[in-house]
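**Q** Residue numbers (the numbering used here), protein chains in the order written: chain A, 301 to 471; chain B, 76 to 439.
Cβ coordinates follow ideal geometry from the N, Cα and C atoms, glycine included.
A single structure is presented below for examination.
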């Protein structure tokens, strides 16, 4: 447990507010690392974190924060600026709408939902890239969506751990 | 995930007295979210209209990202080096024998090449050929960025201050790496060959067929080409080199090797491994784009016949002018009214003439 969590001071509060955005930021940097991957496709961990935080800590992942993080993602990935900014913000809005209409949360339900969200986001990303004049084929996007879906359980477990610490330090 | 979070200050329990305020806030929040989404779409639309808008910002990010990546790539690069060192040590003897044999063959070939080179230079001088020269702009260290789906990019450690500009070809030790897309002050972003938007004009070294090496966003490239021969075909191991078409990439730079000739289109593996580029050269675009100036068209040269039978009156016998069917030319058969297919199509023959004269032109 970090030291800042014990202190009820102003700094701990600020740090805690920045934790969700920080996880997304770090996972974006992780995705941009020159890792020697077989297919060159990483699971979109940042997208998963955005969806998870929008679900379990909606006040700490507002749409505008997701927009700013997405803007950073666009700059990092070197694509047209605005694609992931739009998709991250849309993810937050979508998750909010789903949260408002559903009550039960089983892991399977969340998993399926995350998979659908990832698929939708990547299809939209592909469409938007096509609109911006790129001729990218669909396969890598589908591959990344599938990898993202597979990566959901560990990422969700990580987010749940961080969330628990946030909750403990809030007491 | 599947447990309720304990009550916290961040998510206070809802109270009835705050219900109205909450709903107002929710409405405001939804409105704000809508504005954010619209702004993102507007951003995309603006770039669609003006694609240069995002280039400067991306260049600035490349600047900021370059040190981060150079730190982060150190362990990755180290592991890769250790792996390749182990692999090299295991078959160093066999490798040494093979290299010695290859060196012997290469030495013989060098002598031959030097002779041919002198010959080519002499021929070039003889016919006054102007051969554009390749010009090195900068040398840099590249490291791949494995980020979005379909995008294959690298950051190189040279930028605007080194003279690097967008469009410049980037060449690694093993072959072509890609081309510069965005530049920052001290770093630049390179679109790799395997990027889904990458198209490189190439030719097959063995057959001379030209085509495009098309990036797919994966690890392999498609080789799109027009079949130029009915008897030969692409084989596994055929090497693709740049053809120089388009004027951007200098010709003769190795690009890829065919690994799957059976699929349609054939798949090729880039010779420069995108994840281990190492040191690269940035070159100026091979051919400068032509600056067009107004000039009078070249005069005709009457003393040099281009056709075997020069016609004097200008009218060609095979295509008669439709307005003067009677003066169709000396080659038309001298019987009956002159009827040409062009006339028949234009509907110039109003009355259908009976007799053999009407049918004869159909046999022509």
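Would you please verify whether the beta carbon of residue 364 of chain A is less than 7 Å from any beta carbon of chain B?
**A** With 7 Å as the cut-off, residue 364 of chain A counts as an interface residue toward chain B.
**Q** With a threshold of 7 Å between beta-carbons, can residue 416 of chain A be considered close to chain B, or not?
**A** For residue 416 of chain A, the answer is no, since every Cβ of chain B falls outside 7 Å of its Cβ.
**Q** Taking residue 107 of chain B as the query, report the chain A residues whose CB atoms sit under 9 Å from its CB, ordered along the chain.
**A** Residues of chain A passing the Cβ test: 362, 363, 364.
**Q** Assuming residue 116 of chain B and residue 380 of chain A make a contact with CB atoms under 8 Å, what is their CB distance in whole Å?
**A** No, residue 116 of chain B and residue 380 of chain A are not in contact; Cβ-Cβ is about 12 Å, not under 8 Å.
**Q** Could you tell me whether the Cβ atoms of residue 257 of chain A and residue 439 of chain A are closer together than 7 Å?
**A** With chain A running from 301 to 471 in the structure shown, residue 257 of chain A is simply not present.
**Q** Is the number of C-beta pairs between the region 352-359 of chain B and the region 311-323 of chain B that are closer than 8 Å three or more?
**A** Touching, no.
**Q** What's the gap between the Cα of residue 112 of chain B and the Cα of residue 105 of chain B?
**A** Distance between the alpha carbons of residue 112 of chain B and residue 105 of chain B is about 11 Å.
**Q** Taking 7 Å as the CB-CB limit, is residue 341 of chain A close to chain B?
**A** Closer than 7 Å to some Cβ of chain B, the Cβ of residue 341 of chain A qualifies, so yes.
**Q** Which chain A residues are close to residue 315 of chain B, counting only those with a beta carbon under 7 Å from its beta carbon?
**A** Here the premise fails: no neighbours, minimum Cβ distance about 20 Å.
**Q** Does the contact criterion of 3 or more C-beta pairs under 8 Å hold for the region 341-359 of chain A versus the region 154-161 of chain B?
**A** Touching, no, given that fewer than three Cβ pairs across the two stretches are closer than 8 Å.
**Q** Counting only beta-carbon separations shorter than 7 Å, does residue 271 of chain B have a partner in chain A?
**A** Closer than 7 Å: yes.
**Q** Please list the residues of the region 370-387 of chain A that have a C-beta atom closer than 9 Å to any C-beta atom in chain B, keeping them in chain order.
**A** Cβ contacts with chain B come from 370, 371, 372, 373, 374, 375, 376, 377, 378, 379, 380, 381, 382, 383, 384, 385, 386, 387.
**Q** To which residues does DSSP link residue 335 of chain B through a beta bridge?
**A** Paired residues: B:342.
**Q** Please name the residue or residues paired with residue 214 of chain B in a DSSP beta bridge.
**A** Paired residues: B:356.
**Q** Is the distance from the Cβ of residue 233 of chain B to the Cβ of residue 138 of chain B below 7 Å?
**A** No, Cβ-Cβ distance for residue 233 of chain B and residue 138 of chain B is not below 7 Å.
**Q** Could you compute how far the alpha carbon of residue 442 of chain A sits from the alpha carbon of residue 263 of chain B?
**A** Spanning the two alpha carbons is a distance of roughly 29 Å.
**Q** Got a sec? Which residues, its chain only, sit under 7 Å from residue 376 of chain A by beta carbon, not counting five neighbours each side?
**A** Taken in chain order, the residues that qualify are 328, 332.
**Q** Using 7 Å as the threshold, is the C-beta distance between residue 330 of chain B and residue 317 of chain B below it?
**A** Their beta carbons are under 7 Å apart, which means residue 330 of chain B touches residue 317 of chain B by this criterion.
**Q** Go ahead and label residue 374 of chain A buried or exposed: buried means 16 or more other beta carbons lie within 10 angstroms of its beta carbon, across all protein chains shown.
**A** Label assigned to residue 374 of chain A: buried.
**Q** Are at least three pairs of beta-carbons, each pair with one atom in the region 452-464 of chain A and one in the region 287-303 of chain B, less than 8 Å apart?
**A** Contact between the region 452-464 of chain A and the region 287-303 of chain B is absent, because fewer than three Cβ pairs lie under 8 Å.
**Q** Grab the span of the alpha helix (DSSP H) containing residue 383 of chain A for me, first residue to last.
**A** Its alpha helix (DSSP H) spans residues 383-401.
**Q** Could you compute how far the alpha carbon of residue 346 of chain A sits from the alpha carbon of residue 252 of chain B?
**A** Roughly 29 Å between the two C-alpha positions.
**Q** Based on DSSP bridge pairs, tell me the residues matched to residue 297 of chain B.
**A** DSSP, once it has assigned bridges, lists B:289, B:342 as partnering residue 297 of chain B.
**Q** Buried or exposed: residue 356 of chain A, going by 16 or more other Cβ atoms within 10 Å of its Cβ?
**A** Classification for residue 356 of chain A: buried.
**Q** Tell me, to the nearest whole angstrom, how far the beta carbon of residue 146 of chain B is from that of residue 246 of chain B; I am working on the premise that it is less than 8 Å.
**A** Actually they are not in contact, since the Cβ atoms of residue 146 of chain B and residue 246 of chain B sit about 26 Å apart, beyond 8 Å.
**Q** Does the beta carbon of residue 292 of chain B come closer than 7 Å to any beta carbon on chain A?
**A** Cβ-Cβ to chain A under 7 Å: yes for residue 292 of chain B.
**Q** Can you say whether residue 203 of chain B is buried or exposed, counting buried as having 16 or more other CB atoms within 10 angstroms of its CB?
**A** It is exposed - the Cβ of residue 203 of chain B has fewer than 16 other Cβ atoms within 10 Å.
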